Amino acid sequence: MNEKNIPGSGLKGFLSQMFKDDLPPEAEARMQRHFCRLESVLVRAEAQVKTHRCQWAHIMLRKEVMAFASAVMLIAGGVMHLGGNQSVLAHSIGRVKTVLTVSAGLRRATSMDCTVLKPGDGDAQSSFHLRWTARVATRVDMEAGNRGVRTLWIPDASVSTALYAGIASRPAASAAITRDVLWQPALEYVTPVLLARHIEERYGLIETERRSGDGVDEFLLIGQENQQVIEIAVDVGTYLPLTLKKYRLDLVRAGEERRCVEEVRFRWNQPIPRELLIPKYPAGKKPAHQ
Amino acid sequence: MSSANSGKRILQIIVGILVLVFVAAGVRQLGYPANFLDPYGFLFVLMSGMALVMISFPGAEIRRAFRDAASPPGNEADIGSSIFFWEAAGRGFWILGILRSILNLKIGFVALATNPNGLQMITNTMAQSLLAALYGILFAVLCFIPCWKLMGRLQSRPLTPIVGQGVVPIESPRWRFGTVMGYVVFASALAAFLISAVYKLGMPQFLWMGYRPAMLVVLGGTIALMLFMGKAGSRPMLSTAFAAMGFIGSMMGCIQILHSMTIGGPTGIATLAGALEFVLSSCFTALLGIVILGAPLEDNAIRKGQVPTPSALNRMSWYVFPLLAMMFTVLVFVILTTPLTPGPH
Numbered sequence: 001m002n003e004k005n006i007p008g009s010g011l012k013g014f015l016s017q018m019f020k021d022d023l024p025p026e027a028e029a030r031m032q033r034h035f036c037r038l039e040s041v042l043v044r045a046e047a048q049v050k051t052h053r054c055q056w057a058h059i060m061l062r063k064e065v066m067a068f069a070s071a072v073m074l075i076a077g078g079v080m081h082l083g084g085n086q087s088v089l090a091h092s093i094g095r096v097k098t099v100l101t102v103s104a105g106l107r108r109a110t111s112m113d114c115t116v117l118k119p120g121d122g123d124a125q126s127s128f129h130l131r132w133t134a135r136v137a138t139r140v141d142m143e144a145g146n147r148g149v150r151t152l153w154i155p156d157a158s159v160s161t162a163l164y165a166g167i168a169s170r171p172a173a174s175a176a177i178t179r180d181v182l183w184q185p186a187l188e189y190v191t192p193v194l195l196a197r198h199i200e201e202r203y204g205l206i207e208t209e210r211r212s213g214d215g216v217d218e219f220l221l222i223g224q225e226n227q228q229v230i231e232i233a234v235d236v237g238t239y240l241p242l243t244l245k246k247y248r249l250d251l252v253r254a255g256e257e258r259r260c261v262e263e264v265r266f267r268w269n270q271p272i273p274r275e276l277l278i279p280k281y282p283a284g285k286k287p288a289h290q
Numbered sequence: 001m002s003s004a005n006s007g008k009r010i011l012q013i014i015v016g017i018l019v020l021v022f023v024a025a026g027v028r029q030l031g032y033p034a035n036f037l038d039p040y041g042f043l044f045v046l047m048s049g050m051a052l053v054m055i056s057f058p059g060a061e062i063r064r065a066f067r068d069a070a071s072p073p074g075n076e077a078d079i080g081s082s083i084f085f086w087e088a089a090g091r092g093f094w095i096l097g098i099l100r101s102i103l104n105l106k107i108g109f110v111a112l113a114t115n116p117n118g119l120q121m122i123t124n125t126m127a128q129s130l131l132a133a134l135y136g137i138l139f140a141v142l143c144f145i146p147c148w149k150l151m152g153r154l155q156s157r158p159l160t161p162i163v164g165q166g167v168v169p170i171e172s173p174r175w176r177f178g179t180v181m182g183y184v185v186f187a188s189a190l191a192a193f194l195i196s197a198v199y200k201l202g203m204p205q206f207l208w209m210g211y212r213p214a215m216l217v218v219l220g221g222t223i224a225l226m227l228f229m230g231k232a233g234s235r236p237m238l239s240t241a242f243a244a245m246g247f248i249g250s251m252m253g254c255i256q257i258l259h260s261m262t263i264g265g266p267t268g269i270a271t272l273a274g275a276l277e278f279v280l281s282s283c284f285t286a287l288l289g290i291v292i293l294g295a296p297l298e299d300n301a302i303r304k305g306q307v308p309t310p311s312a313l314n315r316m317s318w319y320v321f322p323l324l325a326m327m328f329t330v331l332v333f334v335i336l337t338t339p340l341t342p343g344p345h
């Protein structure tokens, strides 16, 4: 339709004549509400499309990040674990296991032959030779200074029923033996079970270190007791102690040369002649308490 | 009718008294009854269990569950909701008891190694660590009693058409105050325990409780599993993923334990120690994940009506995996206390 053919003053005038703005106010308000609703629906739909796009992008990004993070965590965990990276807990578990294994090895031992060397001032060195066989007895030979060799038999591995047979082969009360300072270094190693108890309860072994080469394959247990550092070298194959050394803690701390105050050498599960473990009493010297 | 009821009641009381007398006599016969007291473990399980309930349920639902347990319940939707509440509470205590046991055992092992006289206490350490599991089981049973009672009531009711019932108001995803408070209480209970243990042991590095490799493997694996599963049936499966990874980690540790037994000396013992820790830490991380992330998420989905009930897999991860974790803990203790056999020489 051509604007020129329309009577009046143009299209606007024509439309205003045809659709007069004479709606009642209620109808106008209702129409307005419909328009508003339509507008809001259109805006919401547009926003939803945008939001969906953002969510997808977000999810995609998050999934990628999460996949990457999980891969990194799995690889890092595997590498750290296989790399032998030990925590405090693993270290503690290792220590407990080591001590328990060594003490169990001691409890399983059938015989023990050990030498305790206790250097003193000058020539005053004392040495003890202990021989023990399971369910028989322990024999301790002590050599201190110029006093000659004294022998102690402990039947059934019990100090309470000990016989004292010195140079004069005289019986003595067990309490006297346990109080005798001279015998003290040896009484600590009278039986493997006693040594196992010391390892579990007294030495407080806290470090392990492996030494190998030159035919030696052992690991060290290091602990402390009564101001002394205790080092026990344990055979890797048998979990039985090879040597036990005690050092003075104050000298170790001062960085001075370590001076061994006691050294014990062990030999395990070697046959010990039975007659060595049975005391020979001189005539008329049988112990009164047996 | 009432006299018959009162007679039955009196009989019940007499039987109860007799049972108590027998138990007391048994305890007396023991001579040295076992020490069942671990006040800190008890408090931890109780507080953390309450915190988990606060995380998963709003105050109104908690009150309604207590009301339903005490008095005849209202409509079926309410009963269903209360049943779920009591089940979730029992589940929380059950998992927390075992979580605390593992934590106790870890700290106990460190104490054994640092204390010179520690090895005398090795069996006591295990017994003390299991006490927390016992408390957890006791609390769980206490929570399951109303759950079972309500289930019985629900089953005994005649089927009625549900009109206006079961419509669970859908909440906005924002965090409730109770949830935040629950997490705060749980974190406080855990931190209080860890800090006191660290203070006692004098080992600040022990605050980093989770063994990093195990933690990384379990967390990484859980994320990977969740990504693989996607939104399977719109059901959250985080607990299942945690449990699966915890189990996988434990099995890896067990295989390493067997392998380490063929290696001698300190290297073998170090490998064994690493494996034992891997088992413990895998179980610990998985249980912690289930407790603080998996279970609340799934509870939320059930409360909002997204899923009707917990799935069988979720239930397995809530009940079977902690049991497995406890068995792994006992296995770790047995392996630790069993001395290695010396090799041929």
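Protein chains in written order, with this note's numbering: chain V, 1 to 290; chain G, 1 to 345. For every residue, glycine included, the Cβ atom is placed at its ideal position computed from N, Cα and C. On a predicted model such as this, the values are computed, not experimentally measured, just so you know.
Please work out which residues of its chain come closer than 7 Å, Cβ to Cβ, to residue i, disregarding the five sequence neighbours upstream and downstream, and give them in chain order.
i         : result
GLN270(V) : SER111, ASP113
LEU249(V) : GLN224, GLN227, GLN228, VAL229
THR240(G) : LEU313, ASN314, SER317
Helix, strand or coil, according to DSSP, for residue i in the structure here?
i         : result
MET316(G) : helix
VAL330(G) : helix
GLN228(V) : strand
PHE219(V) : strand
PRO192(V) : helix
SER281(G) : helix
ASP352(G) : Limits of chain G in this structure are 1 at one end and 345 at the other, which puts residue 352(G) out of reach.
PRO72(G)  : coil
TRP175(G) : coil
PRO241(V) : strand
LYS8(G)   : helix
THR337(G) : helix
LYS12(V)  : helix
SER126(V) : strand
LYS106(G) : helix
TYR247(V) : strand
THR123(G) : helix
ASP299(G) : helix
ASP22(V)  : coil
ALA233(V) : strand
So with CB distances below 8 Å, who are the chain C contacts of residue i?
i        : result
LEU74(V) : In the displayed structure, chain C is absent; the protein chains listed are V and G.
From what residue to what residue does the beta strand (DSSP E) around residue i run?
i         : result
PRO155(V) : 149-155
THR138(V) : 137-144
ASP113(V) : 111-118
Residues of chain V with a CB under 8 Å from the CB of residue i: which are they?
i         : result
LYS106(G) : LEU89
Cutting at 8 Å between CB atoms, please list the residues of its own chain near residue i, excluding the five before and the five after it.
i         : result
PRO161(G) : Because the pLDDT of PRO161(G) is 49, which lies under 50, any placement of that residue in the model is unreliable, and the question is left without a value.
PHE144(G) : TRP86, GLU87, GLY90
PHE261(G) : Per the sequence shown, the amino acid found at residue 261(G) is Met instead of Phe. These residues qualify, in order along the chain: GLY268, LEU272, LEU340.
PRO308(G) : ILE302
Give the single residue among the options whose Cα lies nearest to the Cα of residue i.
i         : options                                    : result
LEU52(G)  : TRP86(G), PHE36(G), LYS304(G)              : TRP86(G)
SER311(G) : MET151(G), PHE321(G), MET237(G), ARG303(G) : MET237(G)
MET126(G) : ALA140(G), LEU134(G), LEU105(G), PRO339(G) : LEU105(G)
ALA187(G) : GLY220(G), SER129(G), LEU288(G), LEU154(G) : LEU288(G)
VAL180(G) : MET54(G), GLY221(G), PHE93(G)              : MET54(G)
ALA70(G)  : VAL332(G), GLY108(G), TYR183(G), CYS147(G) : CYS147(G)
ALA186(V) : GLU201(V), LEU38(V), PHE266(V), VAL43(V)   : PHE266(V)
Enumerate in chain order the residues of its own chain whose CB-to-CB distance from residue i is below 6 Å, with the five nearest sequence positions on each side excluded.
i         : result
SER282(G) : ALA214, VAL218, GLY246, GLY249, SER250
MET252(G) : none
PRO192(V) : LEU106, ALA109, MET112
Counting only Cβ pairs nearer than 9 Å, list the residues of chain V close to residue i.
i         : result
ARG153(G) : Chain V residues near ARG153(G): none, gap ~44 Å exceeds 9 Å.
Residue i lies in the alpha helix (DSSP H); which residues open and close that run?
i         : result
THR222(G) : 212-229
TRP268(V) : Counting along the chain, TRP268(V) falls outside any alpha helix (DSSP H), though it belongs to the beta strand (DSSP E) covering 260-268.
GLN256(G) : 238-260
LYS304(G) : Segment: none, LYS304(G) is in no alpha helix (DSSP H) and carries neither H nor E.
ARG95(V)  : 88-108
Which residues in chain G sit within 8 Å of residue i, going by Cβ to Cβ distance?
i         : result
THR101(V) : ILE269, PRO339, LEU340
HIS81(V)  : PRO213, ALA214, VAL217, GLY274, PHE278
GLY78(V)  : PRO213, VAL217
Does the beta-carbon of residue i, which I'm using as the reference point, lie nearer than 7 Å to any heavy atom of the ligand FAD?
i         : result
ASN300(G) : Of ligands this structure carries none, so the ligand FAD is not represented either.
Along chain G, which residues have their Cβ under 9 Å away from the Cβ of residue i?
i        : result
GLN86(V) : ALA270, ALA273, GLY274, GLU277
Can you name the residues of chain G whose CB is closer than 7 Å to the CB of residue i?
i         : result
MET66(V)  : ILE223, LEU227
VAL236(V) : GLY264, GLY265
ALA104(V) : PRO339
Would you mind telling me which residues of chain V sit closer than 7 Å to residue i, beta carbon to beta carbon, in chain order?
i         : result
PHE336(G) : According to the sequence provided, residue 336(G) is Leu. The question's Phe does not apply to it. Chain V residues near LEU336(G): ILE93, VAL96, LYS97.
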